[in-house]
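Student: Below you will find the structure I want to go over with you.
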Amino acid sequence: MTQSLETRMLDTHDTNDAVIKISSLCKWFGQFKVLTDVDLEVRKGERVVICGPSGSGKSTLIRCINRLEEHQSGHIWVNGLEMTDNIKNIEAIRRNIGMVFQSFNLFPHLTVLENLTLGPTLVRQMKKKDADALAMQFLEKVCIPEQAHKYPLQLSGGQQQRVAIARSLCMEPEIMLFDEPTSALDPEMIKEVLDTMIELADSGMTMIVVTHEMGFARTVANNVVLMADGQIVETGPPESFFGNPQHERTRTFLDQIL
Ligand code: ADP
Ligand code: MG
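In UniProt numbering, the protein residues as written are 1 to 258.
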């Protein structure tokens, strides 16, 4: 994905090769401090897995990265460009950051193919024929080209989530954010979605994945992050995070979920 000229023309910050750099991030919902002094760096092609108890701020953190949520202090840079109130090209940045949610968020009244071509035709101004070809290419990639003309609700949960991933990929993003992509799935469908994500990781995609699938974290992550009470408690490569956690909180958390 080429960085848009628009982005490059604005003042940029040297983030030392980090595609995403988060520094001293704090966020409140009213009086409630949901994120406290979060620091995180993700370099091109890196995969970061974020885990932690429910309510610890994982979704809020990744939603701040594409400014679905606004933070009150600290900094977030995406490709050296700071996410602030007066950001002018938020749409260009969002286009470069795909997001996959727990609840698929497909348009039920559109076919699978139409779900995939909507962004490319509306936002990227692609011709319908080219958008169809691109969409079919990504449906092949997630192994469900034969579902192109069905409606989302005619598909299994695992297939719907693969459609959601393919839909994000149709925007040809540089970064993919996943927020508990397999939490709403029946156990037998989790693997097909994780396999799709592993393939994406192998293709070199920069990914931040909120998940409790620790097998996935061990296989795919460069870094695993534990969040609790809005703070990063521990971060490290899977070998040390699982093999030799430094914090009691990490040990307790891992004992609960493994
Ligand atoms: P996680 O994804 O780790 O479960 P969230 O980021 O969703 O955690 O939420 C962190 C905390 O912030 C929770 O206590 C949640 O209730 C609260 N919260 C999340 N979104 C909002 C909101 N829009 N308004 C107020 N509180 C919120
Ligand atoms: Mg969440």
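For every residue, glycine included, the Cβ atom is placed at its ideal position computed from N, Cα and C.
Since the model is a prediction, treat every value here as computed from it, not as a measurement.
Assign M1 to one of three DSSP states: helix, strand, or coil.
Tutor: Unreliable placement is indicated for M1, whose pLDDT of 42 sits below 50; the coordinate value is still reported in the next sentence. Coil, per DSSP.
Student: Indicate the three-state DSSP secondary structure (helix, strand or coil) for D195 in the structure shown.
Tutor: It is helical.
Student: Measure the C-alpha to C-alpha separation of T211 and S183 and round it to an integer number of angstroms.
Tutor: Answer to the nearest angstrom: the Cα atoms are 8 Å apart.
Student: Measure the alpha-carbon distance for F29 versus N86 and round it to whole angstroms.
Tutor: C-alpha separation (whole angstroms): 20 Å.
Student: Can you tell me whether D132 sits near ligand 2, meaning its C-beta is under 7 Å from at least one heavy atom of the ligand?
Tutor: Checking every heavy atom of ligand 2 against the Cβ of D132, none is found closer than 7 Å.
Student: Please report the residue range of the beta strand (DSSP E) in which M176 lies.
Tutor: Here the beta strand (DSSP E) through M176 covers 175-179.
Student: Taking DSSP as the reference, what is the three-state secondary structure of R43?
Tutor: Three-state DSSP puts R43 in a strand.
Student: Can you list, in chain order, the residues of its chain whose CB lies under 8 Å from that of R251, leaving out five sequence neighbours each side?
Tutor: Excluding positions up to five away in sequence, the list reads P245.
Student: Suppose contacts are defined by Cβ-Cβ distances below 8 Å. Is F253 in contact with G55 by that definition?
Tutor: Their beta carbons are not under 8 Å apart, which means F253 does not touch G55 by this criterion.
Student: For E91 and H13, which I take to be in contact (beta-carbon distance under 8 Å), what is that distance rounded to the nearest angstrom?
Tutor: Wrong, their Cβ atoms sit about 20 Å apart, outside the cutoff.
Student: Between S59 and C26, how many whole angstroms is the CB-CB distance? I'm expecting something under 8 Å.
Tutor: Not really, about 16 Å apart at Cβ, beyond 8 Å.
Student: Under a Cβ-count criterion, where at least 16 other Cβ atoms within 10 Å of its own Cβ denotes burial, should K21 be classed as buried or exposed?
Tutor: It counts as buried.
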